[in-house]
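Accompanying notes for the structure given below.
Residue numbers (full-length UniProt numbering): 1 to 216.
So this is what it looks like as structure tokens:
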């Protein structure tokens, strides 16, 4: 009987020991699980904070990048407008130069014809002096005058006109190369035309060479 009680007591003791171990293991497991949960929450919180900071940095960098791009676009637009304006100015200048070149395309050849007119004028003067001596000289003078008049008409058809040389000389149209006394003209007026001047449209093709009155 004593032996049975002893065995029963031992069984109960062992049962109590197992229950304590199991309890300790359970508590340890629950503690580890809580620690793991807390760690996960901490990691998630840290990750969220990092992501938030990262998003703010990205947003800041994106904003700076957008402003930089806007400034670059503005710079390129200004450069384009300046280049376009320069191009338009060059285009207008070239167009103007082209029109002027076309308008005055005959200027050089017309200027080269003027010495022919000078020769005819000098020949006419000589023929007029010779005409006083005989009729043959008068006919020669008449022929030269007809030729000179025809040349002047041809020049006029191309925009060339004789510069009028009366009154006071115009520095844009006349070159005074000598001074002479004159009874019927005022001081400083044109006394005589030594070489005929010509205008081509609104340009002076060749200024007239004149003498001006200088009395006393």
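Each residue gets a CB set at the ideal place from its N, CA and C atoms; glycine is no exception.
Just so you know, these numbers come straight off a predicted model, no measurement behind them.
Asked                                                                                                                 : Found
Status (buried if at least 16 other CB within 10 Å, exposed otherwise) for residue 197                                : buried
Continuous alpha helix (DSSP H) assignments of at least 4 residues falling wholly in the segment 116–154              : none
Supposed contact pair residue 117 and residue 148 - C-beta distance, whole angstroms, cut 8 Å                         : 7 Å
CB of residue 124 within 8 Å of CB of residue 141, strictly                                                           : yes
Endpoints, the beta strand (DSSP E) within which residue 175 is located                                               : 174–180
Where residue 146 falls, given that 16 or more other Cβ within 10 Å makes a residue buried                            : exposed
8 Å contact criterion, which residue 208 and residue 193 should meet: CB distance rounded                             : 6 Å
Sequence-distant residues of the same chain with beta carbon closer than 8 Å to residue 12, five excluded per side    : Any reading at residue 12 needs caution, since the residue's pLDDT is 46, under 50, leaving its predicted position unreliable; the model's value is listed next. None.
Three-way DSSP call (helix, strand, coil) for residue 105 in this model                                               : coil
Spatial neighbours of residue 72 in its chain, beta-carbon cut-off 7 Å, leaving aside the 5 residues before and after : none
Where residue 161 sits in the DSSP three-state scheme                                                                 : strand
First and last residue of the uninterrupted beta strand (DSSP E) at residue 192                                       : 190–195
C-alpha distance - residue 199 paired with residue 94, whole-angstrom precision                                       : 25 Å
Delimiting residues of the beta strand (DSSP E) encompassing residue 199                                              : 198–200
Residues bridged to residue 211 [DSSP beta-bridge criterion]                                                          : 178, 192
Cβ-based burial, residue 158 [other Cβ within 10 Å; buried from 16]                                                   : exposed
For residue 204, the residue or residues it bridges with in DSSP                                                      : 199
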